[in-house]
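Beneath this line is the structure, given in structure tokens, with notes to follow.
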Amino acid sequence: MDAAMAKLYASQVAGRVSGLAIEWMGGMGFVRDGPAEKFWRDSKIGAIYEGTSNIQLNTIAKLLQKEYTA
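If you want it as structure tokens, here you go:
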């Protein structure tokens, strides 16, 4: 369960932080060669590659249900 929670948290934080960096940089945040845009793209790929947020939430819910109903 800890791994699923860590994956969910990390993907959410990466998306939030990279999105804020793009907003902070304004129009330059969307420049293809800029680091903020690359970090934003990488955060989206990481969220998909590690399992979508919905799958991670379902995994956490199943593990919690199993732990507290047994």
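Numbering of the sequence shown is given in the working numbering, commencing with residue 1163 and proceeding in unit increments.
Built from N, CA and C at the ideal position, the CB exists for glycine as well.
All values derive from a computational prediction rather than experimental measurement.
Residue environment: Ile1210 is assigned as exposed (fewer than 16 neighbouring CB atoms within 10 Å of its CB, all protein chains considered).
Annotated three-state conformation of Thr1214 is coil, per DSSP. Under the DSSP assignment, Val1179 falls in the alpha helix (DSSP H) whose first and last residues are Asp1164 to Met1187.
Collapsing the DSSP output to three states places Asp1204 in a helix.
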